[in-house]
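Engineer:
In our numbering, the protein residues as written are 2 to 207.
#1: DSSP three-state call for residue 59: helix, strand or coil?
#2: In the DSSP assignment, what are the bridge partners of residue 129?
#3: The alpha helix (DSSP H) with residue 150 in it runs from where to where?
#4: Between the Cα of residue 98 and those of 79, 109, 58, spot the shortest distance and give me the residue it belongs to.
#5: So, helix, strand or coil for residue 66, using DSSP?
#6: If you count every other CB in all the chains shown that lies within 10 Å of the CB of residue 171, and 16 or more means buried, which is it?
#7: For residue 179, does the three-state DSSP call read helix, strand or coil?
#8: Please name the residue in 103, 178, 176, 57 whose C-alpha comes closest to that of residue 127.
#9: Are the CB atoms of residue 67 and residue 156 within a distance shorter than 8 Å?
#10: Could you check where the beta strand (DSSP E) with residue 108 kicks off and where it finishes?
#11: Does the contact criterion of 3 or more C-beta pairs under 8 Å hold for the region 105-123 versus the region 82-90?
#12: For residue 161 and residue 102, I'd like the C-alpha separation in whole angstroms.
#13: Look at residue 107 and residue 147 and say whether their C-beta atoms are less than 8 Å apart.
#14: Would you decide whether residue 184 is buried or exposed? Buried here means 16 or more other CB atoms lie within 10 Å of its CB.
#15: DSSP state of residue 114, grouped into three classes?
#16: Per DSSP, what kind of secondary structure is residue 2 in: helix, strand or coil?
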């Protein structure tokens, strides 16, 4: 059960769908004690560095209320079991299960890549959704500060942005957000799954 793996939402780590070989574990009874110990242990979070060729991602779906987005990170330590972005990890040969919430990537050149995107000839600003396949204020943002760097650029360019997060870390950037809000350039939405702490632990690890 999810609650036996402290701090994590996923209870399995299936192979990515694009992998040539797939493994399937089964219980033969020999390692039951060790497996129970491992399940109680919190999986360690590992953060890798990724260089982005471009930071703004575009979509043409009529079902989505925005046509561009920015994700400063790949993967998300919040580990919500219902997250639609989990399958994205398969594109880098990782699992949509535990890998998605424990093997994360920080786009170290996010600020430089964004400046390059905004300076492209003919770029027409429209609201950017910040954090659609990741939470821009997940715990690793405290150290890497990529989201804050992105906001500083958008504020300088007076570029509209929308943010969805479930983290109180967003309050750290209220100085930037307040200035942008005064000009009608930002909207922040908080994702609140439930007020029931037991149910919340089952739906989200962090």
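Backbone N, C-alpha and C define an ideal beta-carbon position, used for all residues, glycine too. Model, not experiment: these values are computed from the prediction.
Structural biologist: Well, looking at it:
#1: Residue 59: strand per DSSP, three-state reduction.
#2: Answer is 162.
#3: If you look at residue 150, you'll find it in the alpha helix (DSSP H) that goes 147-157.
#4: Minimum Cα distance to residue 98 is reached at 79.
#5: Residue 66 falls in the coil class under three-state DSSP.
#6: So residue 171 counts as buried.
#7: Assignment of residue 179 by DSSP, reduced to helix, strand and coil, places it in the helix class.
#8: Among 103, 178, 176, 57, the Cα nearest to that of residue 127 belongs to 57.
#9: Taking C-beta atoms as the reference points, residue 156 and residue 67 fail to come closer than 8 Å.
#10: For residue 108, the enclosing beta strand (DSSP E) stretches over residues 104-108.
#11: Too few Cβ pairs lie closer than 8 Å, so no.
#12: So the two alpha carbons sit approximately 29 Å from each other.
#13: Result yes, Cβ atoms of residue 107 and residue 147 sit closer than 8 Å.
#14: Classification of residue 184: exposed, given that the 10 Å Cβ count is below 16.
#15: Taken through DSSP and simplified to helix, strand or coil, residue 114 comes out as helix.
#16: Because residue 2 sits at a pLDDT of 43, beneath the cut-off of 50, its placement in the model cannot be relied upon, and the point is left open.
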